[in-house]
Amino acid sequence: MRFAVIVSILVFFVLLFANYTKLLKLPFINIPDKNSAENKFFPIYMFPRVADNFQKAPEITASSAVIIDAKSGIKLFEKEPTLRLLPASTTKLMTALVALEYCTPKKIVKITNPVTDGTQMGLKDGDQVTVENLLYGMLVSSGNDAAYALANACAVSFNNFIASMNQKAHSLSMTESHFVNPAGFDSRLQYSTASDLAILARAAVTNPLISKIVSTKSLVVNDISGIKTYYLENINQLLGEVEGLEGVKTGQTEGSGEILISQTTRNSHTIVVVVLRSKDRFEESQELINWAFDNYKWVTI
13 MRFAVIVSIL VFFVLLFANY TKLLKLPFIN IPDKNSAENK FFPIYMFPRV ADNFQKAPEI
73 TASSAVIIDA KSGIKLFEKE PTLRLLPAST TKLMTALVAL EYCTPKKIVK ITNPVTDGTQ
133 MGLKDGDQVT VENLLYGMLV SSGNDAAYAL ANACAVSFNN FIASMNQKAH SLSMTESHFV
193 NPAGFDSRLQ YSTASDLAIL ARAAVTNPLI SKIVSTKSLV VNDISGIKTY YLENINQLLG
253 EVEGLEGVKT GQTEGSGEIL ISQTTRNSHT IVVVVLRSKD RFEESQELIN WAFDNYKWVT
313 I
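Numbering (this note's numbering), first residue to last: 13 to 313.
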């Protein structure tokens with residue numbers, strides 16, 4: 013009996029040693045230098061880590077906020093991140109994603125009975141505008157008229173478009189979000205969270221056109237005739253003022269308070285900051301951006 017036990021132990025260690033030597037020969041064990049040409053086969057992953065001189069995050073008035081590392085999704089800061097709140101015009105990021113699933117940027121949309129509530133691109137009945145220019149009008153000047161024009165044109169029906177917005181939210185694992193309109197008008201059935209909006213922002217900016225639009229400070233676009241002109245101005249005061257800021261979306265209604273989603277890249281590291289129901293979204297977002305880059309460093313894994 014004792015001999016059998018000893019033999020079993022010896023066999024175990026022999027097999028263990030044999031497998032270990034095989035593992036040593038596998039390619040993934042032999043990680044090349046980061047500057048090596050072989051590095052394309054062995055991607056170097058960078059993850060945020062608390063800096064040695066870590067300082068407490070600034071106090072903010074926002075009811076909910078989150079900072080995430082855009083690449084890994086790791087949270088660097090959170091304050092009531094799953095609190096359901098009104099998303100206001102940040103909704104338009106979802107509208108843009110869904111519109112581009114149904115419509116090409118060059119598709120021409122004829123405007124009928126444009127929405128006139130809230131912020132406007134300036135559409136009039138009978139205007140003919142490309143989907144791309146409607147996206148600029150919706151995401152730069154936050155035009156509610158452009159949001160509804162896209163929802164009416166880029167699906168079988170308006171209701172189908174709204175259903176697609178919620179399906180998209182589900183596919184992105186935005187589990188605490190629901191939409192009933194494409195512009196972000198207040199409704200008890202329209203809600204999201206800081207965590208979900210960070211997910212939405214990350215998804216939206218992976219689309220090159222959306223990424224380009226949300227970083228645009230101002231521009232002029234035309235209808236298809238080239239005669240009618242729409243002057244678009246981004247109300248995001250941080251664009252062009254904060255180092256590395258790449259836009260994303262503002263939002264504000266009477267019920268929502270001040271909202272801002274920001275994406276910022278410094279030293280090749282990108283973070284997303286979301287503040288909801290803030291009393292000073294631009295100041296607080298800037299403070300959180302600077303705090304995150306000052307208090308985290310990115311290390312190679």
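Where a beta carbon is used, it is the ideal one built from N, C-alpha and C, also for glycine.
This one's a predicted model, so the numbers in the text were calculated from it and none came from an experiment.
- Query: Which first and last residues belong to the beta strand (DSSP E) in which LYS229 is found?
  - Reply: First-last for LYS229: undefined, no H or E at that position.
- Spatial neighbours of ASP292 within its chain, please: CB distance less than 8 Å, with the 5 preceding and 5 following residues excluded, ordered by chain position. THR73 and GLU270
- Message: Measuring alpha carbon to alpha carbon, tell me which residue in ILE79, LEU212, THR102 and VAL285 is nearest THR187.
- Response: LEU212
- Confirm, please, whether the CB-CB distance from MET133 to LEU244 is below 8 Å. yes
- Run of the beta strand (DSSP E) containing LEU135, from where it starts to where it stops: Counting along the chain, LEU135 falls outside any beta strand (DSSP E), and DSSP gives it neither H nor E.
- Use the C-beta contact count for GLN298: other C-beta atoms within 10 angstroms, 16 or more gives buried, fewer gives exposed. buried
- How would you label TYR57, buried or exposed, when you count the other beta carbons within 10 angstroms and need 16 or more for buried? Around the Cβ of TYR57, a 10 Å sphere holds fewer than 16 other Cβ atoms; the residue is exposed.
- Local Cβ density within 10 Å of PRO39, reported as buried at 16 or more and exposed below that: Only weak support is given to the placement of PRO39: the predicted model assigns it a pLDDT of 32, under 50, and the value that follows is read from those uncertain coordinates. The residue in question, PRO39, is exposed, as its Cβ has fewer than 16 Cβ neighbours within 10 Å.
- Task: For the alpha helix (DSSP H) containing VAL143, list its first residue and its last residue.
- Result: 143-151
- Top-ranked residue by Cα proximity to SER290, from LYS83, ALA82 and LYS91: LYS91
- Hey, out of ILE174, LYS119, GLN140 and SER185, whose CA is closest to ILE239's CA? With respect to the C-alpha of ILE239, the residue from ILE174, LYS119, GLN140 and SER185 having the closest C-alpha is GLN140.
- Task: State the DSSP-derived secondary structure class of ASP157, mapped to helix, strand or coil.
- Result: helix
- Query: From SER76, ALA63 and ILE80, pick the residue whose C-alpha is nearest to that of ILE301; which is it?
  - Reply: ILE80
- Item | GLU296 classed as buried or exposed, judged by whether at least 16 other C-beta atoms fall within 10 angstroms | buried
- Task: Just mark LEU328 as buried or exposed, buried being the case when its beta carbon has 16 or more other beta carbons within 10 Å.
- Result: Nothing in the structure corresponds to residue 328, since the chain is present only between 13 and 313.
- Query: Using the C-alpha atoms, what's the distance from LYS68 back to ASP157?
  - Reply: 42 Å
- Task: Tell me whether ILE247 sits in a helix, a strand or coil according to DSSP, three-state version.
- Result: coil
- Message: Looking at LEU147: is its Cβ nearer than 8 Å to the Cβ of ILE225?
- Response: In this structure, ILE225 lies closer than 8 Å to LEU147 by Cβ.
- Message: For HIS190, which residues in the same chain have their Cβ closer than 7 Å to its Cβ, ignoring the five residues on either side in sequence?
- Response: ASN178, LEU201, GLN202 and TYR203
- Message: Closest to THR94 by C-alpha separation, out of SER207, VAL287 and VAL284, would be which residue?
- Response: SER207
- Item | Cβ shell of ALA163 (< 6 Å), same chain only, five flanking positions each side left out | PHE170, PHE173 and PRO194
- With which residues is TRP310 paired in a DSSP beta bridge? PRO60
- LYS87 - DSSP class collapsed to helix/strand/coil: strand
- What three-state label does DSSP hand GLN179 in the structure shown? helix
- Task: Name, in chain order, the residues that DSSP records as bridge partners for GLY263.
- Result: DSSP output for GLY263 lists ILE271 as bridge partner(s).
- Message: Considering just the uninterrupted stretch of the beta strand (DSSP E) at THR282, what are its terminal residues?
- Response: 281-290
- Could you name the residues of the same chain whose beta carbon sits closer than 8 Å to that of ASN234, not counting the 5 residues immediately before and after it, in chain order? ASN145, LYS240, THR241 and TYR242
- Item | PHE89: CB within 7 Å of a non-hydrogen atom of the ligand PLP | As for the ligand PLP, it is missing from this structure, which has no ligand bound.
- Quick one, which of ARG61, ALA100 and GLY85 has its alpha-carbon nearest GLN264's? ALA100
- Query: To the nearest whole angstrom, what separates the beta carbons of VAL121 and ALA161, a pair I think is in contact under 8 Å?
  - Reply: 6 Å
- Query: In chain order, what residues of the same chain lie with their CB nearer than 7 Å to the CB of LEU257, ignoring the 5 residues before and after it?
  - Reply: LEU250, LEU251, SER274 and THR276, listed in sequence order.
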